[in-house]
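J.: In terms of the working numbering, the sequence shown opens at residue 1415 and continues consecutively. No residue lacks a Cβ here, since even glycine has one placed at the ideal position from N, Cα and C.
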Amino acid sequence: MKVGIITFYNNSVNYGGVLQAYALCKAIQNMGYDCEQISYENSISRILNRGNFLMRTIRSVLYYSRQTLNRKMFKKRHKAIAEFRNMIPHSSVVYDENNIKECTDMYDIFITGSDQVWNLDSFQPAFFLDFVLGKKKIAYAVSLGKKQLTTEELGLFKRKIEDFNYISVRENDAVELLAKATSKPIFCTLDPTLLLEREEWDNVSSVRLVEESYVFCHFIGDDGELRKISREYARKYKKKLVTLPHPSRINKSDLLFGDIQMKDANPGDFISLIKYADTVFTDSFHCCAFSSIYEKQFFAFHRLGKNGMGSRIHSLTSMFNAPNHFCSSADRRKLEYIESVEDINYAKYSDEFNNLKAHSFDYLSSCIATEKRNISFID
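1. Should LEU1655 and VAL1629 be called a contact, given that it needs their Cβ atoms to be closer than 8 angstroms?
2. Do you know offhand how far LYS1416's Cα is from SER1505's?
3. Which parts of the region 1739-1772 are runs of the alpha helix (DSSP H), unbroken and 4 residues or longer, counting only runs that do not cross its ends?
4. Under the rule that 16 or more other beta-carbon atoms within 10 Å means buried, what is TYR1521, buried or exposed?
5. For ALA1555 versus VAL1589, is the C-beta distance shorter than 8 angstroms?
6. Going by C-alpha to C-alpha distance, which of ILE1688, LYS1762, ASN1579 and CYS1602 sits closest to CYS1631?
7. Per DSSP, which one or two residues make a beta bridge with GLU1590?
8. Determine the DSSP secondary structure at ASN1466, reduced to helix, strand or coil.
9. Looking at the strands, I want to know which residues DSSP matches up with ALA1553.
10. Could you tell me the alpha carbon to alpha carbon distance between ASP1637 and GLY1548, rounded to whole angstroms?
11. ASN1513 to SER1453, Cα distance in whole Å?
12. Can you give the beta carbon distance from TYR1760 to GLU1709, rounded, assuming they're within the 8 angstroms contact cut?
13. Residues in the same chain with beta-carbon distance under 8 angstroms from ASN1579, minus the five sequence neighbours each way, listed in chain order, please.
14. Which full runs of the alpha helix (DSSP H) of 4+ residues lie inside the region 1627-1678, going along the chain?
15. Would you mind reading off the limits of the alpha helix (DSSP H) that contains LYS1440?
16. To the nearest angstrom, how far is it from the Cα of GLU1566 to the Cα of ALA1736?
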């Protein structure tokens, strides 16, 4: 039996996206199944990767020069990420919306997920497995990327998910949203990165990269205030400030930010930087996820302009009864607040987390193993 997964894998330079793609493949292989990523170049990524000639022509020379500088600066990092990505089992053929149906005979079961494959702001029919006919369709830990659906969006979901055999989502809010679109049971399961044991991630992690005691910052959004808080914290506690800038663009607030900037990090380096950090500051869900895997004290922040992202971070921090570590409001974006928050007590909630992990793993295994069996899952 062979399982095909479709997600944001092909040409991805996003650490979290690549690592969740690796993790889901690895988890399914651990169950004893043959599994690979379906290399799919969606129209959104094609536009982003190739650029738009007309837009480049219209934009100013200054902007174009900056983009050229960006490409040179990040070329080494993208190569390092690509080397890791290519180690993940994947189809030799790169499909697109015009020929994706050609892969249906290659796999017995199809899985979409994880990550924001069901975010309708970048709607792609293939991520709803529209091309699959007569075979099992599973959505695992998909994310909608938002907390509300319009009437039109709800109608689209009703049409697109009706023929799915099993559906699970990554956030509790998404369970309620999709329940309005279908009578099928919707379960909440862990992100694939949380399915693997810490020892498995140790095998992926690089060696320690920074010998000094340090605070690690990974911000995707361009929010100078968050950099300021992180810098104040590191200085007060006399820690090095190690930063990992945006993987594919230069944020203005990242210029000169950090004592050590890790511009050429690969996914193994990303894990290592979290693994050996004293404290983590981030607006990235997967940075939070790996912080929890390595039982780090972390502080998560809303990303500017991404209101729907809070749901997944809130779900994660709630697993460890640590919602105060999600700095979701203005009064929490202060050093005084951060210093007042109690440490996350991972030991106290380890049994509960391990149960969630076991249930998510068993749920996924049951989805793959049987077509008609009723699945019992504790959400």
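T.: From the atom records:
1. Walking along the sequence shown from the start, residue 1655 turns up at place 241. Walking along the sequence shown from the start, residue 1629 turns up at place 215. The answer is yes: Cβ separation under 8 angstroms.
2. As a working mapping, residue 1416 is identified with position 2 in the sequence shown. As a working mapping, residue 1505 is identified with position 91 in the sequence shown. Cα to Cα, the separation comes out at about 12 angstroms.
3. 1749-1754
4. By 1-based counting over the sequence shown, the position of residue 1521 is 107. Classification of TYR1521: buried, given that the 10 Å Cβ count is 16 or more.
5. Start at 1 with the first residue of the sequence shown, and residue 1555 comes out as number 141. Start at 1 with the first residue of the sequence shown, and residue 1589 comes out as number 175. No, the Cβ-Cβ distance between ALA1555 and VAL1589 is not below 8 angstroms.
6. Locating residue 1631 in the sequence shown gives position 217, counting from the first residue. Checking every option, the nearest Cα to that of CYS1631 belongs to ILE1688.
7. Locating residue 1590 in the sequence shown gives position 176, where the first residue counts as 1. None; GLU1590 has no bridge partner.
8. By 1-based counting over the sequence shown, the position of residue 1466 is 52. Model confidence at ASN1466 stands at a pLDDT of 38, short of 50, so the residue's coordinates are unreliable and nothing is read from them.
9. The residue you call residue 1553 lines up with position 139 of the sequence shown. BP columns for ALA1553 point to THR1526 and ILE1581.
10. Against the sequence shown, residue 1637 aligns to sequence position 223. Against the sequence shown, residue 1548 aligns to sequence position 134. If I take the Cα positions, the gap works out to 47 angstroms.
11. In the sequence shown, the residue the question calls residue 1513 occupies position 99. In the sequence shown, the residue the question calls residue 1453 occupies position 39. In a straight line, the C-alpha of ASN1513 is about 12 angstroms away from that of SER1453.
12. Sequence index remark: in the sequence shown, residue 1760 carries index 346 (1-based). Sequence index remark: in the sequence shown, residue 1709 carries index 295 (1-based). That pair is a contact at about 4 angstroms.
13. If you number the sequence shown from 1, residue 1579 lands on position 165. Cβ within range, chain order: LYS1550, LYS1551, ILE1552, CYS1781 and GLU1785.
14. 1638-1650
15. The residue labelled residue 1440 in the question sits at position 26 within the sequence shown. From DSSP, the alpha helix (DSSP H) with LYS1440 extends over 1429-1444.
16. Position 152 of the sequence shown, counted from the first residue, corresponds to residue 1566. Position 322 of the sequence shown, counted from the first residue, corresponds to residue 1736. Rounded to whole angstroms, GLU1566 to ALA1736 spans 35 angstroms at the Cα level.
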